[in-house]
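Below: one structure, written as structure tokens.
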Amino acid sequence: MDLGFEVVDLPATDHPTEGEQAPDFTRPLVTSDDWGDASLSELAADAPVLLVCYPMDGAFPSTYMWNELRERAFEEYDIQVVGLSISTPYEHMTFIDDRGIEYPLFSDPQNAIAERYDIVNDLNGMAGLSEPRPAVFLVDSELTVRYAWVAGEWPEFPDYDELEQAVSSL
Amino acid sequence: MSDADEPLMTLYRLQACPFCERVVRKLEEYELAYHSRFVEPMHSDRNVVKRVSGTRTVPVIVDESTGVTMAESDNIVEYLDTTYGGAN
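Which chain is which? The protein sequence lines are A and B, in order. Residues in the first sequence are numbered from 0 upward in steps of one, following numbering that gives the first Met the number 0. Residues in the second sequence are numbered from 0 upward in steps of one, following numbering that gives the first Met the number 0.
Written out as structure tokens, the structure is:
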């Protein structure tokens, strides 16, 4: 993206990378119908998980990311796509319905998972608020990371072609 | 997500619903492991409960160990007392 000026660089992170273990966690997992606690490891036991970390539900990057994932029909690979943001379960339900999202979304208002993954984005001008940076982690049944991408600029979006390649070569 | 360690009891509940909390107290009293599913405040949006139990009211319990699905906290409490209460 050439805007003719510098976009915001985000600091270097120590996030889990290919071959490393993704931290397990349990949070409410929200669908259009309801929500209940679920852990990453119990999801991964069924099929590889593409964990999509994204900004608050109302932010435009969130809409861009989920539109792109839907258009590329990532669910057609033998994986489970799940989201993670700081929005509450109620907001997730609205977002799911408004944007026609077919994937469940984890709710982590305290942003502790982003801290564990070292992908916190402290929000300038919003006192006390932080959220995950845009990031994707593809993990197998052992929670071993098979592909990872974390935004280094704000905003920055995943390389979806590369992601599709990673997913299809599992 | 089926797992041998998964609780056999599922409770469909609404945040801050006193009837649901009444059932929670009973489940805790009998030390029954259960999985909570939270639903929408809007009655008309509670399709999952409707699918499971035929009604849009909560609480609803699904007890896989007996095959019972039940709504109405009075009924549920009575069922839990009878099935898991003192006599057993």
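For each residue, glycine too, the CB sits at the ideal point set by N, CA and C.
Whole-angstrom distance between residue j and residue i, CA atom to CA atom
{"i": "residue 78(B)", "j": "residue 135(A)", "result": "46 Å"}
{"i": "residue 19(B)", "j": "residue 168(A)", "result": "46 Å"}
{"i": "residue 36(B)", "j": "residue 50(A)", "result": "22 Å"}
{"i": "residue 38(A)", "j": "residue 106(A)", "result": "12 Å"}
{"i": "residue 30(B)", "j": "residue 54(B)", "result": "27 Å"}
{"i": "residue 3(A)", "j": "residue 10(A)", "result": "21 Å"}
{"i": "residue 26(A)", "j": "residue 59(B)", "result": "22 Å"}
{"i": "residue 73(B)", "j": "residue 66(B)", "result": "19 Å"}
{"i": "residue 16(A)", "j": "residue 144(A)", "result": "6 Å"}
{"i": "residue 122(B)", "j": "residue 77(A)", "result": "Because chain B spans 0 through 87 in this model, residue 122(B) falls outside it and cannot be assessed."}
{"i": "residue 93(A)", "j": "residue 56(B)", "result": "21 Å"}
{"i": "residue 46(B)", "j": "residue 12(A)", "result": "42 Å"}
{"i": "residue 68(A)", "j": "residue 75(B)", "result": "42 Å"}
Exposure label - residue i; buried when at least 16 CB within 10 Å
{"i": "residue 64(B)", "result": "exposed"}
{"i": "residue 82(A)", "result": "buried"}
{"i": "residue 24(B)", "result": "exposed"}
{"i": "residue 42(B)", "result": "exposed"}
{"i": "residue 84(A)", "result": "buried"}
{"i": "residue 62(B)", "result": "buried"}
{"i": "residue 110(A)", "result": "buried"}
{"i": "residue 140(A)", "result": "exposed"}
Simplified DSSP state of residue i, which is helix, strand or coil
{"i": "residue 26(A)", "result": "strand"}
{"i": "residue 157(A)", "result": "coil"}
{"i": "residue 93(A)", "result": "helix"}
{"i": "residue 166(A)", "result": "helix"}
{"i": "residue 73(A)", "result": "helix"}
{"i": "residue 38(B)", "result": "strand"}
{"i": "residue 18(B)", "result": "helix"}
Cβ pair residue i, residue j closer than 8 Å
{"i": "residue 113(A)", "j": "residue 119(A)", "result": "yes"}
{"i": "residue 7(A)", "j": "residue 153(A)", "result": "yes"}
{"i": "residue 80(A)", "j": "residue 102(A)", "result": "yes"}
{"i": "residue 45(A)", "j": "residue 90(A)", "result": "no"}
{"i": "residue 20(A)", "j": "residue 137(A)", "result": "no"}
Task: Three or more C-beta pairs below 8 Å linking the segment 18-31 of chain A and the segment 153-162 of chain A - done: Counting C-beta pairs with one atom in each stretch, the segment 18-31 of chain A and the segment 153-162 of chain A have fewer than three that are closer than 8 Å, which means they do not touch.
TODO: Please confirm if the segment 59-72 of chain A is in contact with the segment 96-113 of chain A, defined as three or more CB-CB distances below 8 Å between the two stretches.
DONE: yes
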